[in-house]
Structures are given as C-alpha cells and as structure tokens.
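Take the sequence shown: its position 207, counting from 1, is numbered 207 in this note's numbering, and each next residue is one higher.
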Amino acid sequence: MKTKKTEKTQDQDEECDSKQNAKILTAAIVQAELSEKLSGLYLPTYESMTVAAAREISRYGEYVDLSDISSMTDEIYRALVRKIPHHRGQELYSGSGMNLSGLKSLPVNGARALSKYAGNELVLNGLNQISIESAKALGRFGGNLRLNGIKRLSAEAAAGLANNQKRLTLNGLKELTPEVAQSLSKHQGRLALSGVESLTPETARAISAHSGRISLNGISECTAETAMAFANHRGYLGLAGLKDCDDALAQAFAGHAGPLSLSGIRSLSEQAAGYLAKHRGRQLSLARLSKVSQEAIQLLAQYDGELTLNRIGEISDETAEALAKHRGGILSLYGLRKLSAKAASSLMYHVRPLLVHPEVYAYMEHSWREQKRKSNRERS
Numbered sequence: 001m002k003t004k005k006t007e008k009t010q011d012q013d014e015e016c017d018s019k020q021n022a023k024i025l026t027a028a029i030v031q032a033e034l035s036e037k038l039s040g041l042y043l044p045t046y047e048s049m050t051v052a053a054a055r056e057i058s059r060y061g062e063y064v065d066l067s068d069i070s071s072m073t074d075e076i077y078r079a080l081v082r083k084i085p086h087h088r089g090q091e092l093y094s095g096s097g098m099n100l101s102g103l104k105s106l107p108v109n110g111a112r113a114l115s116k117y118a119g120n121e122l123v124l125n126g127l128n129q130i131s132i133e134s135a136k137a138l139g140r141f142g143g144n145l146r147l148n149g150i151k152r153l154s155a156e157a158a159a160g161l162a163n164n165q166k167r168l169t170l171n172g173l174k175e176l177t178p179e180v181a182q183s184l185s186k187h188q189g190r191l192a193l194s195g196v197e198s199l200t201p202e203t204a205r206a207i208s209a210h211s212g213r214i215s216l217n218g219i220s221e222c223t224a225e226t227a228m229a230f231a232n233h234r235g236y237l238g239l240a241g242l243k244d245c246d247d248a249l250a251q252a253f254a255g256h257a258g259p260l261s262l263s264g265i266r267s268l269s270e271q272a273a274g275y276l277a278k279h280r281g282r283q284l285s286l287a288r289l290s291k292v293s294q295e296a297i298q299l300l301a302q303y304d305g306e307l308t309l310n311r312i313g314e315i316s317d318e319t320a321e322a323l324a325k326h327r328g329g330i331l332s333l334y335g336l337r338k339l340s341a342k343a344a345s346s347l348m349y350h351v352r353p354l355l356v357h358p359e360v361y362a363y364m365e366h367s368w369r370e371q372k373r374k375s376n377r378e379r380s
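Encoded structure:
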C-alpha cells in the first residue's frame, strides 16, 4: 500500500538530493547561518533552494539576501511567506526585507504568494518584464517594491503595480509614455523613475496627477513647457539630473505646487534666482548650487519655504543679513566656510533651524557673544 509522505519525510528526501549539488540551499545551511546570530541572512551564492530551506527562512524576521536564486516552484514561494505563530498568539508573516533579484521571471502564483509577504521590502531587480496578472498580484504587496530591471511596462501592468501603497521603484524604465504615466499616477506612495531620460509635456501632465513623491533624477534636460506641466503636482518632485536652469525654466518651475529638488544645478542667474524665490511648494533644494552671485543668494533668501544651499562656500555681510531674515523654515548652508565675524553674528538671528557645519556654528556663536559684549560695553 502506498502511503502519503509526511512533510518531514519530504524535507529529508530533498536534503539528501541537494547534497549532490553544492549550489542548492538546504535547511541545514540556513540553520547553520542562523546559529551565527548575525543581523541579516546573506545567502547570495545559491541558485536554488529546497522547500525545507524556504520554511526555515520564513521563520526569520530580518533581511534575507537570496539574490542568486534563479527559479522557484509554487510550493517554495508559498513556503517563504507562510504564516507563523507570533509569541502573543497573533498570526503574521515574517521578514523585514527579501532580495530575490536572481529571478528572471515571476509566475502569477509566485506573485500572489509574495504579495502576502509582510516584510518591509521585496527586491526583484532581475525581472526585465512582468505580465499584467503578475503585476496585479504583486501590487497588493504591503511593502516597498524594487523592480529596477524592468525596461518596458504596459499601461495595464503599470495600473496593477500602482495599487502598491509604499515605495515603487522602476528605475530601469528609460521611456515613459502618457498612458503608462497615467496608470502610475494613481500610485499613492513614493514613485522612483530615475531611469527616464526625457519627458514630453503630455507625459509630465499625466504623471503630475500622482499625489506623492516622484523622483525623475535621470532627466538631464527639460523645456519650460514640460516644467509648466508639473504646476498642479503637489507632491515632492526630484529632478536632480538637471544641470542647467535658465530664466525661462526657473520661471516655469516657480509654478510647481509641491517640494522641488533641483539639486544638480550648479549655476543660476539673478533673474532665475528671483523666479525660484517665488516657488509655491514651500521646499526648494539647490544643494549643488555654487556658481552664483551674492545678489542672487539674497534673492533666494526671500523664499517662503525650506531652502537648501549646501554648496555656497562664502557669503558677504549683506548676504548674511538677508539670509538671517529668511522665514520659510529650515535653512541649510552646510557647505559654508568663509564669512566674517559680522556675518556669523547676523546668521544667529535666523529664527528657524539653521543647518551649518559644527565648526561654523561654533564660530557664529562666538561672534554673536562677542558682539553682545561689545554692545553692552558701549551702552555702559
């Protein structure tokens, strides 16, 4: 009479078979790694695993690197994310993050299983495409999704992935059509599209319907018309790839309604600075701006929002007075090194958080105290 193999017997058979292939991850190997009590489980040299190994991994609550695993059965997918009893009797899925970048394809059943994983992140950078059904299933995952290997995406697949509510990273996409942009605009978490190299005004208008943070740091050139298309976007817009910003482009960006990062720009005219000072988004990063006049910095100081100018190395006394009057929130001048005692003392009057190098702050504080002592002596 034939008897059904128990789970334990099946696991033992798998473990015996796997000894013939050193690249198969077994439960014994996982247990040995776990006995080291390291933070994170790094197993990137194995190309496949047994179901028993997957079960052992599912009991582990920290980051797991399985980035060389090239294929898995439906049973292994399910075993990786199976429910385990919590010590207080609750049921949950284990894990804080899993790297499965060795997978070149993702079957629908695999996507459905992974969508139930309760870790913070799934890394699937080995996928260069994804089916509509798999995208719909994976979009239900509750953590961050990294899919940086995908080069092309249909509007339907994009709509499926857009159901994810956390960070969705698609930095492998080089082009973004208006249709795909419209689908992705319904995503409500952070959206990273930093592989996209150019945008038409139509595509910019479509993606600007996204309510959250968008990173488009691969774009190196942008027309004023495209910049104006972002006017209704109220979330963070990252365009760190832009190196130049002429007056017309600055005027167009001034209409953007959300936080704006132009941290790649190196130089700015006074006219452009005046336009950007009127930006509506309450947060402006010009973190690499270095070739700029003191007059332009004084204009930027009028900005009514958080301002980042981390590559400004030197300021005049007049510029320091203007920056001290900045009322928009945080002012970051972390690259500042050269300033007079008068300028240093003036900056101490900035009413909101001022981020500078600790040595510069010590100099500012010393200069301010010296000025106070001098004023007191003159009055007495």
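Every residue gets a Cβ at the ideal spot worked out from N, C-alpha and C, and that includes glycine. Note that this is a predicted model, so its numbers are computed, not measured.
- Check the Cα spacing between residue 108 and each of 129, 40, 118: the tightest is with 129.
- Around residue 230, the same chain offers 204, 208, 237, 256 as residues with beta carbons nearer than 7 Å, after the five sequence neighbours per side are excluded.
- In this structure, residue 150 keeps its C-beta atom at 8 Å or more from the C-beta atom of residue 122.
- Under the DSSP assignment, residue 247 falls in the alpha helix (DSSP H) whose first and last residues are 247-253.
- Judged by DSSP in its simplified three-state form, residue 364 adopts helix.
- Residue 270 is a Cβ neighbour of residue 295, given a cutoff of 8 Å.
- Ranked by Cα distance from residue 113, the first of 61, 136, 104, 376 is 136.
- In terms of Cβ geometry, residue 277 and residue 302 form a close pair [threshold 8 Å].
- By the 16-neighbour rule on beta-carbons within 10 angstroms, residue 306 is buried.
- Counting along the chain, residue 122 sits inside no alpha helix (DSSP H); it lies in the beta strand (DSSP E) bounded by residues 121-123.
- Less than 8 Å separates the beta-carbon of residue 346 from that of residue 324.
- Cβ-Cβ distances below 7 Å link residue 120 to 96, 97, 143, 144 in the same chain, with the five nearest sequence neighbours on each side left out; the list follows chain order.
- Nearest neighbour of residue 59 by Cα position, chosen from 73, 34, 44, 189, turns out to be 34.
- If the five residues before and after residue 111 are omitted, its C-beta is found closer than 7 Å to the C-beta atoms of 134, 137, 138, all from its own chain and listed in chain order.
- In this chain, residue 348 is not harboured by any alpha helix (DSSP H), its DSSP state being neither H nor E.
- The C-beta of residue 45 has fewer than 16 other C-beta atoms within 10 Å across all chains shown, which makes the residue exposed.
- Distance from the CA of residue 155 to the CA of residue 343, rounded to the nearest whole angstrom, comes to 55 Å.
- Residue 97: member of the beta strand (DSSP E) spanning 97-99, first to last residue.
- Around the beta-carbon of residue 42, fewer than 16 other beta-carbon atoms lie within 10 Å, marking it exposed.
- For residue 196, DSSP records no beta bridge to any residue.
- Exposure of residue 31 is indicated by the presence of fewer than 16 other C-beta atoms within 10 angstroms of its C-beta.
- DSSP, read as helix, strand or coil, puts residue 214 in strand.
- Straight across, the Cα-Cα distance linking residue 319 with residue 273 is about 14 Å.
- Per DSSP, the beta-bridge partners of residue 285 are 261, 308.
- Residues 240, 241, 242, 243, 288 of the same chain have their beta carbon placed closer than 7 Å to that of residue 264, with the five preceding and five following residues left out of the count.
- Taken atom to atom, the span from the alpha-carbon of residue 218 to that of residue 369 is near 46 Å.
- Excluding five sequence positions before and after residue 70, the CB atoms of its chain that fall closer than 6 Å to its own CB belong to 47, 102, given in chain order.
- Residue environment analysis places residue 353 among the exposed positions, since fewer than 16 neighbouring C-beta atoms fall within 10 angstroms of its C-beta.
- Closest by C-alpha distance to residue 190, out of 216, 284, 197, 226, is 216.
- Cβ neighbours of residue 321 within its own chain (closer than 6 Å, five residues either side excluded): 346.
- Contact annotation: residue 38 and residue 54 have beta-carbon atoms that are not nearer than 8 Å.
- DSSP links residue 63 through a beta bridge to 97.
- Beta-bridge analysis with DSSP links residue 148 to no other residue.
- According to the DSSP assignment, residue 29 belongs to the alpha helix (DSSP H) that extends over 27-34.
- Per DSSP, reduced to three states, the secondary structure at residue 203 is helical.
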